[in-house]
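Reading through the structure tokens given below for one structure.
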Amino acid sequence: MNWVRGEVIGKGSFSSVYLATPRRDSAETPSLMAVKSVSVSQSSLLQKEKDILTQFEDCPEILRCFGDDFTVEDGKEVYNILLEFASRGNLHQLLKKSDMGLPLSDVRYHTRSILRGLSMIHEKGFVHCDIKLQNILVCGSTEVKIADFGLAKKRNCDFDDGVSGLRGTPLYMSPESVSSNVYETGADIWALGCVVSELVTGKPAWRCRSDTDISGLLYRIGFGEELPVIPDELCDDGKDFLIRCFTRDPMTRWTAEMLLNHPFVTLVDSDASPRSAFDFPEWRSPSLHSRSLTCSEEEWDCSTSESTVERIRQLDTGKLQSWSFTSTWIDVRDA
């Protein structure tokens, strides 16, 4: 496909996202697209992302990929994937425009759409591994779509991209991912719970000060009994939905398919009881709420080759002084 590169609309650690327009009108491609680009020498994750996205062309809740190509720019070879353009940015940007959280009706609607996408991802044998507000894009007036499959993996398989250790965004990471380096479908469900809590309150589900050390947060997630915040203002079926997401044992955490039938997303009355088909053990915890600390809007990503065992040992002994971390995206311009 022949296309013209436009202005930068997003920038990450390794890749950049630009507006793009096709040189010729085609019924198969829109008049405006997004192109994600990276140097060929660093393109393995982006090429993997393209291969995964092509398996979800018929899923309306997953960002569409129109293909890939190679270009030469400023004497360097560049790998590009052409993507559906999210005209309204992502859920993080949408939430920042609100003084508080989103209306409950919107939260229910978006949650159901994300669940549909996750159900398809898991059905096809993948785990996304980085569900968060920034990776849920808003297309058109109300549609939301899951994007950024750079950290995705096959279910029940080790990562094969050469990156070891903890990965993803700690504010959304599940206990088993932190404590045991396990990233299976349940990790996506835990992250979804964090997304829902944040959409309701406008604050991260883990209350953290801006100067909180990342090692301390990870220790709370992976080894404590504390849970992310379940908002007091949330309706009863919404609280029950989050309880099913925030079960620390991934074997009893509900699946995307089960949650799609939960009253919170089927839009039944808030006082309706869960259907009897959900015959899982009841979740128990000393408290539904984590400690309320000063909220921070900082997001942390960690991807490292350091041994997870060594990292956790350092956490336990308090020897880890600092980690380097950056946000996956630097917002250059609101879509």
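Quick note on our numbering: the sequence shown kicks off at 358 and runs consecutively. Note that CB positions come from ideal geometry on N, CA and C, so glycine has one too.
Cross-strand partners of residue i (DSSP beta bridge)
i      : result
ASN711 : Since the first residue of the chain shown is 358 and the last is 692, residue 711 is not available in this structure.
TRP360 : PRO379
VAL501 : VAL495
VAL484 : LYS510
PRO419 : One detail in the question is off: residue 419 reads as Ile in this sequence, not Pro. BP columns for ILE419 point to ILE503.
Element boundaries [alpha helix (DSSP H), containing residue i]
i      : result
PHE442 : Run containing PHE442: none; DSSP gives neither H nor E here.
TYR576 : 571 to 580
VAL464 : 461 to 480
SER372 : Note, SER372: premise wrong, no alpha helix (DSSP H); not H, not E.
MET615 : 613 to 616
LYS407 : 401 to 410
ASP536 : Here residue 536 is Ser; the residue named in the question, Asp, does not match the sequence. Start and end: 532 to 537.
VAL392 : Where VAL392 is concerned, there is no enclosing alpha helix (DSSP H), although the beta strand (DSSP E) it sits in stretches over 390 to 396.
PRO620 : 620 to 623
ASP515 : That residue, ASP515, is in no alpha helix (DSSP H); it is neither H nor E in DSSP.
ASP606 : Neither: ASP606 is in no alpha helix (DSSP H) and is coded neither H nor E.
Reduced DSSP secondary structure (H/G/I, E/B, other) of residue i
i      : result
LYS560 : coil
TYR436 : strand
LEU650 : Note on LEU650: pLDDT 31, under 50, position unreliable in the model; the coordinate value appears next. DSSP places LEU650 in coil when its eight states are reduced to three.
ILE546 : helix
LYS489 : coil
VAL365 : strand
ALA634 : Any reading at ALA634 must be qualified, since the residue scores a pLDDT of 40, below 50, and its modelled position is unreliable; the value itself is stated next. Of the three classes helix, strand and coil, the one that applies to ALA634 here is coil, per DSSP.
GLU583 : coil
SER455 : coil
ASP589 : coil
ARG524 : coil
TYR540 : coil
GLU414 : coil
CYS602 : helix
GLU385 : coil
CYS565 : coil
ALA629 : Residue confidence for ALA629 is low, a pLDDT of 39 falling below 50, so the modelled location carries little weight; the figure read from the coordinates is stated next. Of the three classes helix, strand and coil, the one that applies to ALA629 here is coil, per DSSP.
ASP658 : Its pLDDT being 44, under 50, ASP658 is placed unreliably in this model, and the coordinates cannot settle the point.
Beta-carbon proximity list for residue i, same chain, < 8 Å, skipping 5 on both sides
i      : result
SER455 : GLY559
LEU452 : GLY458, LEU459, LEU490, GLU555, LEU556 and GLY559
HIS467 : LEU448, LEU459, ILE493, VAL501 and LEU556
SER400 : TYR436
ASP545 : LEU475, ILE478, HIS479, VAL484, HIS485, CYS486, ILE488 and ALA613
ASN359 : PRO379, ARG380 and ARG381
PHE621 : ARG465, THR468, CYS592, ASP594, GLY595, ASP597 and PHE598
GLY363 : TYR375, LEU376, ALA377 and THR378
ARG512 : HIS479, GLY482, PHE483, VAL484, GLU541 and THR542
Nonlocal neighbours in the same chain, by C-beta distance under 6 Å from residue i, ignoring five residues either side
i      : result
ARG605 : PRO532
ARG473 : GLU418
HIS479 : THR542 and ALA613
LEU591 : VAL557
THR386 : PRO379 and PHE423
SER470 : GLU418 and VAL501
Residue range of the beta strand (DSSP E) that includes residue i
i      : result
PHE427 : 422 to 430
Residues near residue i in its chain [Cβ-Cβ closer than 7 Å; skip 5 each side]
i      : result
SER372 : LYS393, SER394, VAL395 and LEU403
VAL361 : ALA377, THR378 and ARG380
PHE580 : SER536
GLY497 : SER444
LEU624 : ARG465
LYS433 : SER396
7 Å Cβ cutoff, residue i in contact with chain C
i      : result
GLY474 : As a matter of chain content, chain C is missing from the structure shown, which is built from one protein chain.
* Any chance the region 478 to 488 sits against the region 498 to 509, with 3 or more Cβ pairs inside 8 Å? -> The region 478 to 488, when compared against the region 498 to 509, does touch it at the 8 Å Cβ threshold.
* For the 8 Å Cβ check, are there 3 or more pairs between the region 437 to 451 and the region 382 to 396? -> Result yes; three or more Cβ-Cβ pairs closer than 8 Å.
* Asked: Taking contact to mean at least 3 C-beta pairs separated by less than 8 Å, is the region 549 to 559 in contact with the region 421 to 428?
  -> Segments in contact, no.
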